[in-house]
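K.L.:
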Amino acid sequence: MPAMHFVVCWPDGSKDTCYSPSTAIEKHLQVNHPYTLEEFVTLTTRALDEASDRVKAKFGYFCSSAMDQSAAISLKAQQFSAEQRVTVETITPIPA
116 MPAMHFVVCW
126 PDGSKDTCYS
136 PSTAIEKHLQ
146 VNHPYTLEEF
156 VTLTTRALDE
166 ASDRVKAKFG
176 YFCSSAMDQS
186 AAISLKAQQF
196 SAEQRVTVET
206 ITPIPA
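Oh and the sequence shown: position 18 is 133 in our numbering, straight run, nothing missing.
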């Protein structure tokens, strides 16, 4: 199960490199697509929940890193208003 990094550009121009334990993130987010913060949080929560479920199916436990990443995204999003825009700049596999 290849883990992924995705780089998020926030409304203030800051960037975060985020983690997904699987390629599930690619099903939910598009590179260079502007999302409202509300939509972005919903999509990343759904994607990281799916990724954590994949880990559970394979290893028998949920992925705490996916849950932590989801919480970090939700926390950072609270700094902005729901209609502001977020862009995912890249989604790349993490080398093994």
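Cβ atoms here follow ideal geometry from the backbone N, Cα and C, with glycine treated the same way.
By Cβ distance, which residues of its chain are closer than 7 Å to glutamate 165, with the 5 residues on each side in sequence left out?
P.N.:
Against the sequence shown, residue 165 aligns to sequence position 50. Closer than 7 Å at the Cβ level, and outside the excluded window around glutamate 165, lie Ala139.
K.L.:
Compare the beta carbon distance of proline 117 and proline 208 with 8 Å and say whether it is the shorter of the two.
P.N.:
One-based indexing of the sequence shown puts residue 117 at position 2. One-based indexing of the sequence shown puts residue 208 at position 93. Cβ atoms of proline 117 and proline 208: closer than 8 Å.
K.L.:
For glutamine 199, which residues from the same chain have a beta carbon less than 6 Å from its beta carbon, with the 5 sequence-adjacent residues on both sides left out?
P.N.:
Residue mapping note: residue 199 aligns to position 84 of the sequence shown, counting from 1. Excluding residues within five positions, the ones whose Cβ falls inside 6 Å are Pro126 and Leu152.
K.L.:
Output needed for threonine 205: all residues of its chain with C-beta closer than 8 Å, excluding positions within five of it in sequence on either side, in chain order.
P.N.:
Here residue 205 corresponds to residue number 90 of the sequence shown, with the count starting at 1. Here the set comprises His120, Phe121, Val122 and Val146.
K.L.:
As a quick exercise: from Arg169, Ala192 and Glu154, pick the residue whose alpha carbon is nearest that of alanine 181.
P.N.:
As a first step, residue 181 must be located in the sequence shown, where it is residue number 66. Nearest C-alpha to alanine 181: Arg169.
K.L.:
Measuring alpha carbon to alpha carbon, tell me which of Ala186, Ala172 and Ser167 ends up nearest cysteine 178.
P.N.:
In the sequence shown, counting from the first residue as 1, residue 178 sits at position 63. Out of Ala186, Ala172 and Ser167, Ser167 has the C-alpha closest to the C-alpha of cysteine 178.
K.L.:
Determine the extent of the alpha helix (DSSP H) in which phenylalanine 155 is found, giving its start and end residues.
P.N.:
Locating residue 155 in the sequence shown gives position 40, counting from the first residue. Looking at the DSSP string, the run of the alpha helix (DSSP H) that includes phenylalanine 155 is 152-174.
K.L.:
As a quick exercise: from Pro149, Glu154, Leu163 and Thr132, pick the residue whose alpha carbon is nearest that of glutamate 141.
P.N.:
Position 26 of the sequence shown, counted from the first residue, corresponds to residue 141. Minimum Cα distance to glutamate 141 is reached at Leu163.
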